[in-house]
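Enquirer: Supplied in structure tokens, the structure appears directly below.
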Amino acid sequence: MPQVTTPIRAVALISGGGSNLQAIIDAVAHHELAIELDCVISNRADAYGLVRAQQAGITTKTLDHKAFSNREAFDEALMTLIDGFNPQLVILAGFMRILTAPLVKHYRGRMLNIHPSLLPKHTGLNTHQRAIDAKDAFHGATVHFVTEELDGGPLIIQGKVAVLSDDNVDTLAERVLSIEHIIYPQAISWFAQQRLILSGDRCIFDGQALNTPRIIEAL
Ligand code: GRF
645 MPQVTTPIRA VALISGGGSN LQAIIDAVAH HELAIELDCV ISNRADAYGL
695 VRAQQAGITT KTLDHKAFSN REAFDEALMT LIDGFNPQLV ILAGFMRILT
745 APLVKHYRGR MLNIHPSLLP KHTGLNTHQR AIDAKDAFHG ATVHFVTEEL
795 DGGPLIIQGK VAVLSDDNVD TLAERVLSIE HIIYPQAISW FAQQRLILSG
845 DRCIFDGQAL NTPRIIEAL
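Residue numbering for the sequence shown follows this note's numbering, starting at 645 and increasing by one per position.
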């Protein structure tokens, strides 16, 4: 297995609180993750994640989607902005925009996302409520490569939590977020170490096809 020590260049995209971004920043600070986060981009100027990035000394940019007449024009400007940093990895960390096919194609194999469900269950929004409504015994989050299918790219790692009988959206979301903060830095670290690559529609992990995602279960 290759041992890579040089940090890879990365850019993160956010829209909100940025707790996953914080987990990534912390993992880098603790030398658990070999990436150089060159820029954090938000489509919302009031995203608290921008403050987190600034506090860590990371360059921030805001690109307001409302300033563009359509999704294609926004994505074109976004690609230009991202590519200015020449990243080896683009990290979607709560970026609440549907991406157009040209953008997804452009970053294929070097764009990761975290989704708050055990994919392929509950793609899209309101996943915690939907897990409760479906009486799921388990819920969680998934890190995956981004492909054209929304929340449908090859799965890398899942964090699994039990759904408790007295859970509501907030209690469940809190436990899922805690496990997100473990699995996202882990997946990024595998990518940074070149242990994880996308080949066609499959994840290759340590030279082997990853037919099912790695799973971490909350105690
Ligand atoms: C997380 O639930 C993540 O799974 C989803 O968006 C949320 C982002 O939370 N993609 P935060 O901004 O990282 O706190």
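Backbone N, C-alpha and C fix where the C-beta goes; we use that ideal spot for every residue, glycine too. Because the structure is a prediction, the values reported are computed rather than measured.
With 16 other CB atoms within 10 Å as the buried threshold, where does LEU714 fall?
Expert: Note that residue 714 is Asn in the sequence shown, not Leu. Its Cβ having fewer than 16 others within 10 Å, ASN714 is exposed.
Enquirer: Return yes when the C-beta of LEU755 is under 8 Å from any heavy atom of the ligand GRF, and no when it is not.
Expert: Going by the sequence as given, residue 755 is Met instead of Leu. No, Cβ of MET755 sits at least 8 Å from all heavy atoms of the ligand GRF.
Enquirer: Beta-carbon distances below 5 Å to any heavy atom of the ligand GRF define the shell here; list its residues in chain order, please.
Expert: Output, sorted by chain position: GLY660, GLY661, GLY662, SER663, ASN664, GLY738, ILE758, PRO760.
Enquirer: Per DSSP, what kind of secondary structure is ALA806 in: helix, strand or coil?
Expert: Here ALA806 sits in strand by DSSP.
Enquirer: Could you give the residue range of the beta strand (DSSP E) that holds ILE848?
Expert: ILE848 -> beta strand (DSSP E) spans 846-849.
Enquirer: Using CA atoms only, rank isn't needed, just tell me which of PHE739, ASP845, TRP834, ALA667 is closest to LEU769.
Expert: Comparing Cα-Cα distances from LEU769 to each of PHE739, ASP845, TRP834, ALA667, the minimum goes to PHE739.
Enquirer: Determine which residues share a DSSP beta bridge with ALA785 and list them.
Expert: Looking at the DSSP assignment, ALA785 forms a beta bridge with GLY803.
Enquirer: If you follow the beta strand (DSSP E) that LEU694 is in, where does it begin and where does it stop?
Expert: First-last for LEU694: 692-699, but that is the alpha helix (DSSP H), not the beta strand (DSSP E).
Enquirer: Residues in the same chain with beta-carbon distance under 7 Å from VAL807, minus the five sequence neighbours each way, listed in chain order, please.
Expert: Closer than 7 Å at Cβ, skipping near neighbours: ALA775, ILE776, ASP780, ALA781, PHE782, HIS783, LEU816.
Enquirer: Look at the alpha carbon of ASN730 and the alpha carbon of LEU756, and state the distance between them as a whole number of angstroms.
Expert: One C-alpha to the other measures close to 16 Å.
Enquirer: Contact between the stretch 712-726 and the stretch 689-702: three or more CB pairs below 8 Å?
Expert: Output reads no: the stretch 689-702 does not touch the stretch 712-726.
Enquirer: Rounded to a whole number of angstroms, what is the C-alpha to C-alpha distance between SER843 and ASP670?
Expert: Their Cα atoms are separated by approximately 30 Å.
Enquirer: Counting pairs of beta carbons, one from the stretch 756-767 and one from the stretch 681-690, are three or more of them closer than 8 Å?
Expert: The stretch 756-767, when compared against the stretch 681-690, does not touch it at the 8 Å Cβ threshold.
Enquirer: Out of LEU799, ILE860, LEU722, which one is the CA nearest neighbour of ILE742?
Expert: When only C-alpha atoms are compared, the closest one is LEU722.
Enquirer: Going by the beta-carbon positions, is the gap between GLU824 and GLY803 smaller than 9 Å?
Expert: A contact, by the Cβ cut-off of 9 Å.
Enquirer: Which same chain residues end up closer than 8 Å to GLN732 when comparing Cβ atoms and leaving out the 5 residues on each side of it in sequence?
Expert: Contacts found: ILE652, ARG653, ALA654, ARG754.
Enquirer: With respect to the alpha helix (DSSP H) encompassing VAL813, which residues constitute its N-terminal and C-terminal limits?
Expert: That run of the alpha helix (DSSP H) goes 813-836.
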